Ligand code: ATP
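Residue numbers (this note's numbering): 5 to 310.
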């Protein structure tokens, strides 16, 4: 289990993370999403032991990252956005070096398994300096899990990969059973296909922690209200499962209210609005997508959603 409690990180007094708390269960694959500057890399670097938090605590399978750094480092694999690679070494030599740094006697098998997983066996004797960007990315991914970590932290693993390699990456990550993963990505399709759950960061705060299954059970509704908009909002806000996203006057006579609601409550909600005296000119319901959530949060439309 990975437990992050009230984590905070400031750079020169400016907060990059504020009061972030969550847990990861063993074997879970969790996506970390948020717009540029949301704090994703900062969080991953702390979990990887590459940066110390300003406040709060992190335990990785019972070991505290501040007190037991070496033990934690042995359990963690990290792919930074720009992996540190040595251009003069061959891919195989580099992985040997990574294992040696971790004090692991090279067996060759670990290296072959990692090379195979990232489809780099054919290029294993090439010098890293001669590889393409995507190939280097794959070497970076291999160095992150060559020692078989219990927790794998991947910062933008898909960036720079072509569509074939992206498919390969997804398949590979799905095959790494038993490893807990936290994967930051702007490629939301990749997150949706690879992960079970999503953490959404905004301005350093965790604003959503939701399973993708639960997200698919919700829908976005656009209600065109012709009676009093304030009265309609009061009715909607009194329903705990309903989250009002935005209110827009389409004309003087009609307002559009955007809400998120569990799909199964759609019909009951419409009936409730009518019996409460809310007059609708029309409505539309769409599935909620991760990209919509990200945009809503970024535009300040939805602080948090249960
Ligand atoms: P991106 O999607 O652009 O990679 P991110 O979500 O990974 O962004 P971070 O890189 O964690 O965001 O940055 C969070 C905030 O912390 C930003 O405001 C950034 O400017 C700041 N920050 C990050 N690293 C440092 C640093 N070393 N010194 C000062 N400020 C930093």
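Cβ atoms here follow ideal geometry from the backbone N, Cα and C, with glycine treated the same way. All values reported here derive from a predicted model rather than from experimental measurement.
Hey, which residues come within less than 6 Å of ligand 1, measuring from Cβ to any heavy atom, in chain order? 15, 20, 38, 40, 41, 42, 43, 44, 45 and 46
For residue 96, count the other beta carbons within 10 Å of its own beta carbon; 16 or more makes it buried, fewer makes it exposed. Which is it? Looking up residue 96 in the chain shown gives position 92. Residue 96 should be labelled buried.
Taking the beta carbon of residue 268 as the centre, do at least 16 other beta carbons fall within 10 Å, making it buried, or is it exposed? Translated into positions along the chain shown, residue 268 becomes position 264. It is exposed - the Cβ of residue 268 has fewer than 16 other Cβ atoms within 10 Å.
Residue 230 and residue 285: beta carbons closer than 8 Å? Reading the chain shown from its first residue, position 226 is the one you call residue 230. Reading the chain shown from its first residue, position 281 is the one you call residue 285. Contact flag set, yes.
Report buried or exposed for residue 252, applying the criterion of at least 16 other Cβ atoms within 10 angstroms of its Cβ. Here residue 252 corresponds to residue number 248 of the chain shown, with the count starting at 1. Result: exposed.
In the DSSP output, what is residue 13 paired with across the bridge? As a position in the chain shown, residue 13 is number 9, starting the count at 1. DSSP, once it has assigned bridges, lists 21 as partnering residue 13.
What is the residue span of the beta strand (DSSP E) that residue 223 lies within? In the chain shown, residue 223 corresponds to position 219, counting from 1. Counting along the chain, the beta strand (DSSP E) containing residue 223 begins and ends at 222-229.
Beta carbon of residue 70 nearer than 8 Å to that of residue 10: One-based indexing of the chain shown puts residue 70 at position 66. One-based indexing of the chain shown puts residue 10 at position 6. No, these two residues do not count as a Cβ contact at 8 Å.
Return the chain-ordered list of same chain residues with a C-beta closer than 6 Å to the C-beta of residue 118, the five sequence neighbours on each side being excluded. For this step, residue 118 is matched to residue 114 along the chain shown. 146 and 150.
Nearest candidate by alpha-carbon position, reference residue 262, set 89, 280, 241 and 256: In the chain shown, counting from the first residue as 1, residue 262 sits at position 258. If we check each option's Cα against that of residue 262, 241 comes out closest.
Going by DSSP, what residue range makes up the beta strand (DSSP E) through residue 290? As a first step, residue 290 is located in the chain shown; it is residue number 286 there, counting from the start. 284-291 is the extent of the beta strand (DSSP E) around residue 290.
Excluding the 5 residues flanking residue 308 on each side, which residues of the same chain have their C-beta closer than 8 Å to its C-beta? Along the chain shown, one-based indexing puts residue 308 at 304. Low local confidence applies: a pLDDT of 39 at residue 308 is under 50, so the model's placement there is unreliable, with the coordinate-based value given in what follows. Excluding sequence neighbours, residue 308 sits near 211 and 212.
Residue 245 versus residue 265: straight-line alpha-carbon distance, rounded: Walking along the chain shown from the start, residue 245 turns up at place 241. Walking along the chain shown from the start, residue 265 turns up at place 261. Each residue's alpha carbon lies about 6 Å from the other.
Can you tell which of 196, 162 and 222 has its C-alpha closest to the C-alpha of residue 292? The residue you call residue 292 lines up with position 288 of the chain shown. Among 196, 162 and 222, the Cα nearest to that of residue 292 is on 222.
Please name the residue in 278, 37, 18 and 247 whose C-alpha comes closest to that of residue 196. Looking up residue 196 in the chain shown gives position 192. The residue with the shortest Cα to Cα distance from residue 196 is 37.
Measure how close the beta-carbons of residue 90 and residue 98 come, nearest whole angstrom, since I'm counting them as under 8 Å. Reading the chain shown from its first residue, position 86 is the one you call residue 90. Reading the chain shown from its first residue, position 94 is the one you call residue 98. Yes, residue 90 and residue 98 are in contact; Cβ-Cβ is about 6 Å, under 8 Å.
Would you call the stretch 152-171 in contact with the stretch 12-20, where contact means no fewer than 3 C-beta pairs closer than 8 Å? no
Under a three-way DSSP split, which group does residue 26 fall into? As a working note, residue 26 is residue 22 in the chain shown. Three-state result, residue 26: strand.
Consider the Cβ of residue 97: report whether some Cβ of chain C lies at a distance smaller than 8 Å. The chain inventory of the structure shown lacks chain C, comprising one protein chain alone.
Report the rounded CA-to-CA distance for residue 114 versus residue 73, giving the unit in angstroms. In the chain shown, residue 114 corresponds to position 110, counting from 1. In the chain shown, residue 73 corresponds to position 69, counting from 1. C-alpha separation (whole angstroms): 24 Å.
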